[in-house]
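If you're matching positions, the sequence shown starts at 2 in the numbering used here and goes up one per residue. Shown next, in structure tokens, is the structure this report addresses.
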Amino acid sequence: MNRVAIVTGASRGIGRGISLELAKKGFDLAINYCTRQDAAEFTSQLCRRQAEENGVAIQTFEVQADIGLDSDRDRLIAQTKDRFGRLDLLVNNAGITSLERSDLLHSTEESFDRVMNVNLKGPFFLTQAAAAWMINDGILHKDRRPKIISIGSISSYTVSVNRGDYCMAKAALRMMTRLYAVRLAEWGIPVYEICPGVIQSDMTAPVKKKYDRLIAEGITPIKRWGLPEDVGAAVARLADDRIEFCTGEVFNVDGGFHIRQL
Ligand SMILES: NC(=O)c1ccc[n+]([C@@H]2O[C@H](COP(=O)([O-])OP(=O)(O)OC[C@H]3O[C@@H](n4cnc5c(N)ncnc54)[C@H](OP(=O)(O)O)[C@@H]3O)[C@@H](O)[C@H]2O)c1
2 MNRVAIVTGA
12 SRGIGRGISL
22 ELAKKGFDLA
32 INYCTRQDAA
42 EFTSQLCRRQ
52 AEENGVAIQT
62 FEVQADIGLD
72 SDRDRLIAQT
82 KDRFGRLDLL
92 VNNAGITSLE
102 RSDLLHSTEE
112 SFDRVMNVNL
122 KGPFFLTQAA
132 AAWMINDGIL
142 HKDRRPKIIS
152 IGSISSYTVS
162 VNRGDYCMAK
172 AALRMMTRLY
182 AVRLAEWGIP
192 VYEICPGVIQ
202 SDMTAPVKKK
212 YDRLIAEGIT
222 PIKRWGLPED
232 VGAAVARLAD
242 DRIEFCTGEV
252 FNVDGGFHIR
262 QL
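So, in structure tokens, the structure goes:
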């Protein structure tokens, strides 16, 4: 019986990269998306092909759910239960940037509410629901080793005054990881954050030129764009192995961006 993962925001970008790497490891996948059904179906196809090429058979299905909405999160969990009946990994990946990149002094309440809903409230309550399921499963199946991984950002500690809401949501997500790490430790459920740097995706496409320049100037010791598969490989490694005596950890996948230099 395959292990099962829910990956939120799996239709494109980093979420697709994560799903592809988990497919290689033989995870059955609930591919969540918000609006782009076509992209989610394509991710599903790619994952099944990827698994086949790696000699494993997996099942995937696409679930539409806006993770900022209570009823949609419930449906995501319920449909995954119906389809697979177990949960070994939740990846809180779905996220949006500020509705407009505008100066902090002019940022809007609309953007604040949307960003907080999708990037913070969604992962918080989805983790709560997933944890309840994992705890119950763990009582019946002692051999299962479920995990929760959230995708943070260098914006959790790097100021961008044109998207303050995004930075604040990611800073709070880091605390969320620590909170759940403590609360879920007694059931043996580790909770991790992967902290990506500048990654090529639709989210960063509008600022590609700026980041091209910053990377060329050496903003990261490893002078290249990060790719969705870089993040995916880190998630898959954590999901597949067990790092005993380790929870609440942040794993930077950022080309060394976080290292201060003099
Ligand atoms: N790109 C970077 O440089 C970077 C760096 C650090 C951290 N991150 C984080 O990595 C995660 C993925 O970013 P990305 O660059 O891959 O973004 P992206 O290319 O814009 O893709 C966003 C994904 O999230 C989904 N999504 C958006 N709103 C959603 C909602 N309300 N409910 C469910 N799914 C939703 C989208 O689904 P649809 O296709 O249906 O719209 C899509 O699959 C985010 O949490 C982001 O903050 C990104």
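Glycine included, every Cβ here is placed at the ideal spot set by N, Cα and C.
Please classify residue 28: is it buried, with 16 or more other beta-carbons within 10 angstroms of its beta-carbon, or exposed?
-> To locate residue 28, count along the sequence shown from 1; it is residue 27. Its Cβ being crowded by 16 or more others within 10 Å, residue 28 is buried.
Taking the alpha-carbon positions, what's the residue 35 to residue 263 distance?
-> Mapped onto the sequence shown, residue 35 falls at position 34. Mapped onto the sequence shown, residue 263 falls at position 262. Looking at the backbone, the Cα of residue 35 and that of residue 263 are separated by about 43 Å.
How many angstroms separate the CA atom of residue 55 from the CA atom of residue 97?
-> If you number the sequence shown from 1, residue 55 lands on position 54. If you number the sequence shown from 1, residue 97 lands on position 96. Roughly 32 Å separates the two Cα atoms.
Terminal residues of the continuous beta strand (DSSP E) containing residue 62?
-> Position 61 of the sequence shown holds residue 62. It spans 61-65 - the beta strand (DSSP E) in which residue 62 sits, taken as one unbroken run.
Applying the criterion that 16 or more other CB atoms from any shown protein chain within 10 Å of the CB defines a buried residue, is residue 194 buried or exposed?
-> As a working note, residue 194 is residue 193 in the sequence shown. Label assigned to residue 194: buried.
Output the distance between the C-alpha atoms of residue 50 and residue 256, rounded to the nearest integer angstrom.
-> Taking the first residue of the sequence shown as 1, we reach residue 50 at position 49. Taking the first residue of the sequence shown as 1, we reach residue 256 at position 255. If I take the Cα positions, the gap works out to 29 Å.
Residue 236, DSSP secondary structure in three states = For the purposes of this step, residue 236 is taken as residue 235 along the sequence shown, with counting starting at 1. Helix at residue 236.
Is residue 112 near ligand 1, in the sense that its beta carbon is under 7 Å from a heavy atom of that ligand?
-> Translated into the one-based positions of the sequence shown, residue 112 becomes position 111. For ligand 1, not one heavy atom lies less than 7 Å from the Cβ of residue 112.
Within the region 22-106, note down every full alpha helix (DSSP H) run reaching 4 residues or more, in order along the chain.
-> Segments of the alpha helix (DSSP H) lying fully in the region 22-106: 38-54, 71-85.
For residue 1, which residues does DSSP report across the bridge?
-> Residue numbering for the chain in the displayed model covers 2 to 263; residue 1 lies beyond these limits and cannot be assessed.
Proximal residues to residue 37 (C-beta, below 7 Å), its chain only, five neighbours per side dropped = Sequence index remark: in the sequence shown, residue 37 carries index 36 (1-based). For residue 37, where only same-chain residues beyond five positions count, the Cβ hits under 7 Å are 12, 13.
Compute the beta-carbon to beta-carbon distance between residue 231 and residue 254, rounded to the nearest angstrom, for a pair I have assumed lies under 8 Å.
-> In the sequence shown, the residue the question calls residue 231 occupies position 230. In the sequence shown, the residue the question calls residue 254 occupies position 253. Residue 231 to residue 254, Cβ: 6 Å. Contact.
Using only alpha-carbon positions, find the residue among 67, 226, 191 that is nearest to residue 242.
-> Locating residue 242 in the sequence shown gives position 241, counting from the first residue. If we check each option's Cα against that of residue 242, 191 comes out closest.
Give the DSSP bridge partners of residue 151, in chain order.
-> What you label residue 151 is simply residue 150 of the sequence shown in a count that begins at 1. Residue pairing by DSSP places residue 151 opposite 93, 194 in a beta bridge.
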